[in-house]
């Protein structure tokens, strides 16, 4: 398939005939879908160091139906045309939709990047650096199920008859329509959910215990396999969708690890005495860069650093 046609499709400039050709091409080989996924991320998904969330959701950018929702409509339209011509029954359309619902899309966000997407049901998702999200091309059945590893913010489209479920390594989160932040990192045994609006139900997959019904401004964390509920103390932690790093109740080592992920750099700490962070609460803009972030910390923490001009490795001294 010519890349010019793929780009034309992503820009919503293809004709119905070209779209039918594209559907046939996608169905002929699973690798073709991956190729289109990659191109979509390059053209639309990346929100590298976005200065604020308003730019990511501004009305100035025309609302766009998700890629695979469009493909679903094209496929179903093509099916209807065949039915009218050949007199085939309703089952053909049904099978086409089932096939699309069984096809999964996986987004794996590179370090140093953030991605905003809109799912087929209208749910908005912001994925942080290194996050992975798996979701069906078309939601079908009685529930809307997605799988998440890493950190994401969800603004779920309300649908009382079809609960939205986020599956992570530790918990399943069931919602009807709400906004919440999830951070689920199995490698670090880290898990937390913060609720901004609506209500959600958490079911622990690691230890059998009663589900937790969360209220607005509450956060649930995982410790020793058990879920713990408390009020949100610092809403700044969830400003990452706006390109803001929150400095609150975090060690220097933990903050350097966060910098590595967000700025996609390697940081080595060789100081004999690990610096301390004296800020009780602070914020750093990602768009200002790693050098600015380190210089801000130097205002209250005693350390120096050097940056290798060839490898880009930063050494804390």
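Numbering (my numbering), first residue to last: 9 to 325.
For every residue, glycine included, the Cβ atom is placed at its ideal position computed from N, Cα and C.
Three-way DSSP call (helix, strand, coil) for residue 260 in this model
Locating residue 260 in the chain shown gives position 252, counting from the first residue. Residue 260 falls in the helix class under three-state DSSP.
Range covered by the alpha helix (DSSP H) that runs through residue 169:
For the purposes of this step, residue 169 is identified with residue 161 of the chain shown, where counting begins at 1. That residue, residue 169, is in no alpha helix (DSSP H); it is neither H nor E in DSSP.
Given a threshold of 16 other Cβ atoms within 10 Å of its Cβ, counted over all protein chains shown, does residue 283 qualify as buried or as exposed?
As a first step, residue 283 must be located in the chain shown, where it is residue number 275. Counting Cβ neighbours within 10 Å, residue 283 comes out buried, since at least 16 surround it.
Going by DSSP, what residues sit across from residue 188 in a beta bridge?
What you label residue 188 is simply residue 180 of the chain shown in a count that begins at 1. In DSSP, residue 188 forms a bridge with 162 and 203.
Could you check where the alpha helix (DSSP H) with residue 306 kicks off and where it finishes?
Within the chain shown, the letter at position 298 stands for residue 306. Residues 298–306.
Using the beta-carbon count (16 or more within 10 Å), is residue 20 buried or exposed?
Taking the first residue of the chain shown as position 1, residue 20 is located at position 12. Exposed.
Proximity of residue 165 and residue 130 at Cβ, strictly below 8 Å
The residue you call residue 165 lines up with position 157 of the chain shown. The residue you call residue 130 lines up with position 122 of the chain shown. Yes. Within cutoff.
8 Å Cβ cutoff met for residue 117 and residue 145
The sequence position of residue 117 within the chain shown is 109, counting from 1. The sequence position of residue 145 within the chain shown is 137, counting from 1. Contact: no.
Cβ pair residue 255, residue 275 closer than 8 Å
As a first step, residue 255 is located in the chain shown; it is residue number 247 there, counting from the start. As a first step, residue 275 is located in the chain shown; it is residue number 267 there, counting from the start. Against a cut-off of 8 Å, the Cβ pair of residue 275 and residue 255 comes out as no contact.
Per DSSP, what are the beta-bridge partners of residue 235 in this structure?
Here residue 235 refers to the residue found at position 227 of the chain shown. Answer by DSSP bridge pairing, in chain order: 230.
Determine the closest residue to residue 161 out of 150, 260 and 201, with distance taken between C-alpha atoms.
If you number the chain shown from 1, residue 161 lands on position 153. Looking at the Cα atoms, 201 is the closest of the given residues.
Should the segment 171–191 be regarded as contacting the segment 208–224, the criterion being three or more beta carbon pairs within less than 8 Å?
yes
6 Å Cβ shell around residue 176 - same chain, five flanking residues per side excluded
Along the chain shown, read from residue 1 onward, the residue named residue 176 stands at position 168. Excluding positions up to five away in sequence, the list reads 156 and 192.
Kindly indicate which residue of 278, 253 and 296 has the alpha-carbon position closest to the one of residue 266.
Position 258 of the chain shown holds residue 266. When only C-alpha atoms are compared, the closest one is 253.
Short of 7 Å in beta carbon distance, which residues of its chain neighbour residue 306, apart from the five on each side in sequence? Order them along the chain.
Here residue 306 corresponds to residue number 298 of the chain shown, with the count starting at 1. Closer than 7 Å at Cβ, skipping near neighbours: no residue.
Whose C-alpha, out of 304, 325, 308 and 238, is nearest the C-alpha of residue 281?
Locating residue 281 in the chain shown gives position 273, where the first residue counts as 1. Closest option to residue 281, Cα to Cα, is 325.
What number of angstroms, rounded off, separates the C-alpha of residue 270 from the C-alpha of residue 232?
Translated into positions along the chain shown, residue 270 becomes position 262. Translated into positions along the chain shown, residue 232 becomes position 224. Answer to the nearest angstrom: the Cα atoms are 27 Å apart.
Using 8 Å as the threshold, is the C-beta distance between residue 291 and residue 244 below it?
For the purposes of this step, residue 291 is taken as the residue at position 283 of the chain shown. For the purposes of this step, residue 244 is taken as the residue at position 236 of the chain shown. Cβ atoms of residue 291 and residue 244: closer than 8 Å.
Is the CB-CB distance between residue 289 and residue 242 below 8 Å?
Numbered from 1 along the chain shown, position 281 holds the residue referred to as residue 289. Numbered from 1 along the chain shown, position 234 holds the residue referred to as residue 242. Yes, these two residues count as a Cβ contact at 8 Å.
How about residue 25 and residue 17: do their beta carbons lie closer than 8 Å?
Taking the chain shown and counting its residues from 1, one reaches residue 25 at position 17. Taking the chain shown and counting its residues from 1, one reaches residue 17 at position 9. Not a contact, by the Cβ cut-off of 8 Å.
Do residue 185 and residue 167 have their beta-carbon atoms positioned less than 8 Å apart in this structure?
Along the chain shown, read from residue 1 onward, the residue named residue 167 stands at position 159. Along the chain shown, read from residue 1 onward, the residue named residue 185 stands at position 177. Yes; because the gap between Cβ atoms is below 8 Å, this pair is in contact.
Using three-state DSSP, classify residue 321 as helix, strand or coil.
Counting from 1 along the chain shown, the entry for residue 321 is found at position 313. If DSSP states are grouped into helix, strand and coil, residue 321 belongs with coil.
Alpha carbon of residue 298 to alpha carbon of residue 132, nearest angstrom:
Locating residue 298 in the chain shown gives position 290, counting from the first residue. Locating residue 132 in the chain shown gives position 124, counting from the first residue. Going by the C-alpha atoms only, they are around 29 Å apart.
What does residue 174 pair with, by DSSP beta-bridge criteria?
Position 166 of the chain shown, counted from the start, is the residue given in the question as residue 174. BP columns for residue 174 point to 154 and 181.
On the criterion of 16 or more Cβ atoms from any shown chain inside 10 Å, does residue 159 qualify as buried, or is it exposed?
For the purposes of this step, residue 159 is identified with residue 151 of the chain shown, where counting begins at 1. Buried, because 16 or more other Cβ atoms sit within 10 Å of the Cβ of residue 159.
Go through its chain and collect everything with a Cβ distance to residue 234's Cβ below 8 Å, but skip five positions before and after it.
Position 226 of the chain shown, counted from the first residue, corresponds to residue 234. 212, 215 and 217.
How would you call residue 119, buried or exposed, if buried means at least 16 neighbouring beta carbons within 10 angstroms?
Counting from one through the chain shown, the residue named residue 119 turns up at place 111. Exposed is the call here.
Inter-residue spacing [alpha-carbon to alpha-carbon] between residue 310 and residue 43:
Taking the first residue of the chain shown as 1, we reach residue 310 at position 302. Taking the first residue of the chain shown as 1, we reach residue 43 at position 35. Near 48 Å, if we compare the C-alpha coordinates of residue 43 and residue 310.
Between the Cα of residue 30 and those of 199, 229 and 13, spot the shortest distance and give me the residue it belongs to.
Here residue 30 refers to the residue found at position 22 of the chain shown. For the residues 199, 229 and 13, the minimum Cα distance to residue 30 belongs to 13.
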